[in-house]
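Protein chains in written order, with our numbering: chain A, 1 to 302; chain B, 1001 to 1302; chain C, 2001 to 2302. Right, one structure below, let's go through it.
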């Protein structure tokens, strides 16, 4: 969980994914020697701050978004949202501008939402939740499980992946995500049209802690049923514990793929969390284990 | 109307268009011998469950969506919407899961909307309205006139079509429709940039039963005026009865084309119906007749 | 300001940009002889009513939308909106249909919004605000500063532009804008991935009249921070007065680029106005001057 903790501490709200990309490039550089297959990397010019790893002869692509929710400083320390973060008074935000480090609590006034800080912060400065990473026997808890855990899962899968693509995408939390053009690149260069969305979902009445990774049958987006059926069949035959999810709200890079001008079969497969989009996102370790195992099987069988 | 009735009875909500595609492939296989021109078919890998028919040297493409509205079963027989169906208590829904056929009425509770059925239904099972097809002298009435009638119109036009494309698309009702990537294929392979949207619209103060097919000047989307003017001029000169529609809500595959990364001129041309998105969709036969005739002329003159 | 006044008087709501395009083609034809570089023009088949100017070896593209907000006539002189115009009772609208010129005031009834005019207007007729152009020492005021001023700015920049692209786009006000496919063309043909959005923004608490052109750090869309930083650094070093804007609402062709299937770095740079989307849009002349100067520097340095 050290790697996960490190990634949770990286400041990378939507539009500022650069630090996450650089962390991953270093990590891959240091660790791929121990991976079964060394991937081809696509990044840099024409890829903004995204990163694509291609292993062997890919048939399926994993999408994991690098960005987190957060806040942007407006005028006189007023703040507005990046994506849909919980914004209860008292939540501690951190960031940095031209004058130095920033740390302060959210306060609400009639005229808007502010960060309580001793000096005026530069316009446009982005703020993220202050990290309090808690690792117990059964749970991991911190802000940004969504989606540093989805990224972490992808890195775990990378260790033994022989054929497949891993896409680290941007802007998923705020809209205007890059899964569209990254998907275009993949379809045109590798002919890959199947996707798994490595992201974190919600604990609900139907999806509970500790019962396994969720395989989402739909959310606000509806994926093609025949593909979903394939995923569920493989999950069932694997013997790995999993839960079937059905929602009519929420979205992911799956929606970006669905809306793009390319034919994508996609399925959201991810561990569920409590306290969504807050500093207290909490995931059961058994579900994380199930997620990694399920991805390994799916990438082999799909 | 036998063919229309058959198609209304096919279970194909957004994401499960496969059955409609297979029905059409069989129908085309059996009937194209009697068509003026035998079309080239595009479907299968890279087309999901969509189907494209290309006749002669096409200048214009007809888009007709295969999917219908419906419901997905969540947990404990709770249901959520696919697209925007009417969901009044008492409406009868049907479907099938791993344990067999399903039929039950919509019931509403404080905690949500449910199907009243004797056993727990598999998560993710899709349900559609139970069909009650009524064919009288002047009207056809059933669920899913929208858009099995738009599909039926396309098949009628196919009989004599010499030059043109017919696109059977998916996910129109729910969002994330495939008109975008199907349009991309058409523009890149055939250079066709003109579209007609073969779909069903609303009876309103300005568009009445029996006064002819509606030519929509706009809805939530605004098509290019100069193209719309061309369509209206051809309609006027044809002597076929038609009505001009202006709305600021509602959408169609036209919006998908408009939002895609390709330059499309599009116009919605379709018969109006009462009781939109309910099991009681009702269309005047004279308007259906006008729709078929208008499409024949438009496909020749555009 | 004569040229600006002329352009404000051209009737070109979303979907009817043709008149603006033709005006620009004539203007360019008459004036490019005096420009430092004569641009290559792209328009016509496959470009709808848009127009692209390519100067030298471009690295950055300016996007300025041609269309305005307005209204469409429905049934019995009821009107519905094109984009998001202010629609206070008494505002005077003008247009033309098959029977002649139209001028009348907005009136509101329980059943809807109407234009008060002596005869029934043709369905689908578009109406725009009646122009009252006011040019004083410090301010220009008229409807359609947004975005005839953004177009005007692009023409000013054209006079001395050596390397760059100028895109005149459509449907920005209503949605379904053409920046997506025009951007596709530019990236594929010229490899240009950097954009500036030449459009008009809002006077707010943080952005005031006369303090210079606004450089927007974000609105409803969030551009890539590293690109924004480049723009701000160039602005700072230029010595030209400018203001930093941060909003969480509002959008522009920047959002269309962000949502397209192409990797775009974009930044909104434009003068602020009072009385947004009304017949009284008011812009400070110093801010217009700053806008032109800033664009000249940015197009050279980016």
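Where a beta carbon is used, it is the ideal one built from N, C-alpha and C, also for glycine.
- Beta carbon of residue 2004 of chain C nearer than 9 Å to that of residue 2149 of chain C: yes
- Could you run through the region 1062-1080 of chain B and flag, in chain order, every residue whose CB is less than 9 Å away from some CB of chain D? Chain labels in this structure do not include chain D; the protein chains are A, B and C.
- Query: Considering only residues of the same chain and omitting the five flanking positions on each side of residue 1066 of chain B, which have a CB-CB separation below 7 Å?
  - Reply: 1012, 1017, 1020, 1021, 1151, 1168, 1169 and 1170
- Query: Is residue 2134 of chain C helix, strand or coil when you go by DSSP?
  - Reply: strand
- What number of angstroms, rounded off, separates the C-alpha of residue 121 of chain A from the C-alpha of residue 76 of chain A? 7 Å
- Item | residue 201 of chain A - DSSP class collapsed to helix/strand/coil | strand
- Item | Counted within 10 angstroms of its Cβ, other Cβ atoms place residue 1288 of chain B as buried (16 or more) or exposed | buried
- Segments of 3+ residues assigned as beta strand (DSSP E) that fall wholly inside the region 196-263 of chain A: 213-218 and 242-246
- Query: What whole-angstrom Cβ distance do residue 214 of chain A and residue 286 of chain A have, given they're in contact under 8 Å?
  - Reply: Their Cβ separation, rounded to whole angstroms, is 13 Å, which puts residue 214 of chain A and residue 286 of chain A out of contact at 8 Å.
- Item | Distance between residue 2283 of chain C and residue 2208 of chain C (C-alpha atoms, nearest Å) | 10 Å
- Message: Can you tell me whether residue 2038 of chain C is buried or exposed? The criterion is at least 16 other CB atoms within 10 Å of its CB, across all chains shown.
- Response: exposed
- Task: Report the three-state DSSP secondary structure of residue 1074 of chain B (helix, strand or coil).
- Result: coil
- Task: Give me whichever residues DSSP pairs with residue 2107 of chain C in a beta bridge.
- Result: C:2114
- Query: Between residue 2038 of chain C and chain B, is there a C-beta pair that is closer than 9 Å?
  - Reply: no
- Message: Buried or exposed for residue 1030 of chain B, going by 16 or more other Cβ atoms inside 10 Å?
- Response: exposed
- Item | Contact belief for residue 1058 of chain B with residue 1183 of chain B at Cβ below 8 Å, rounded distance in angstroms | Rounded, the Cβ-Cβ distance is 13 Å, inconsistent with contact.
- Rounded Cβ spacing between residue 2253 of chain C and residue 2179 of chain C (contact assumed at less than 8 Å): 4 Å
- Query: Between the C-alpha atoms of residue 2023 of chain C and residue 2210 of chain C, what's the straight-line distance to the nearest angstrom?
  - Reply: 30 Å
- Under a CB-based cut-off of 9 Å, is residue 2262 of chain C close to chain B? yes
- Whose C-alpha, out of C:2142, C:2242 and C:2157, is nearest the C-alpha of residue 2053 of chain C? C:2157
- Do the CB positions of residue 964 of chain B and residue 1190 of chain B come within less than 9 Å of each other? Here chain B comprises residues numbered 1001 to 1302, so residue 964 of chain B is not present and cannot be evaluated.
- Give every residue of the same chain whose Cβ lies closer than 6 Å to the Cβ of residue 1009 of chain B, excluding the five residues on either side of it in the sequence, and list them in chain order. 1131
- Simplified DSSP state of residue 1053 of chain B, which is helix, strand or coil: strand
- The beta strand (DSSP E) spanning residue 302 of chain A covers which residue range? Careful: residue 302 of chain A lies outside any beta strand (DSSP E) and carries neither H nor E.
- When DSSP labels each residue in this structure, what does residue 2006 of chain C get in the three-state scheme? helix
- Message: On the DSSP bridge list, what partners appear for residue 1265 of chain B?
- Response: B:1194
- Report the residue from C:2125, C:2085, C:2109 and C:2086 whose alpha carbon sits nearest the alpha carbon of residue 2099 of chain C. C:2125
- residue 2094 of chain C and residue 2101 of chain C: beta carbons closer than 9 Å? yes
- Message: Using only the alpha-carbon positions, how far apart do residue 2199 of chain C and residue 1083 of chain B sit?
- Response: 35 Å
- With DSSP as the reference, label residue 1179 of chain B as helix, strand or coil. helix
- Item | Beta-carbon proximity check, residue 296 of chain A vs residue 161 of chain A, cutoff 9 Å | yes
- Can you tell me the Cβ-Cβ gap for residue 1234 of chain B and residue 1301 of chain B, rounded? I've got them flagged as a contact below 8 Å. 5 Å
- Message: According to DSSP, simplified to helix, strand and coil, what is residue 95 of chain A?
- Response: strand
- Query: Taking Cβ-Cβ distances shorter than 8 Å, what residues in chain B pair up with residue 2209 of chain C?
  - Reply: Those do not exist, as residue 2209 of chain C stays about 33 Å from chain B at its closest Cβ, beyond 8 Å.
- Query: Is residue 1286 of chain B helix, strand or coil when you go by DSSP?
  - Reply: helix
- For residue 2111 of chain C, count neighbouring Cβ atoms within 10 angstroms of its own Cβ and tell me buried if that reaches 16, exposed if not. exposed
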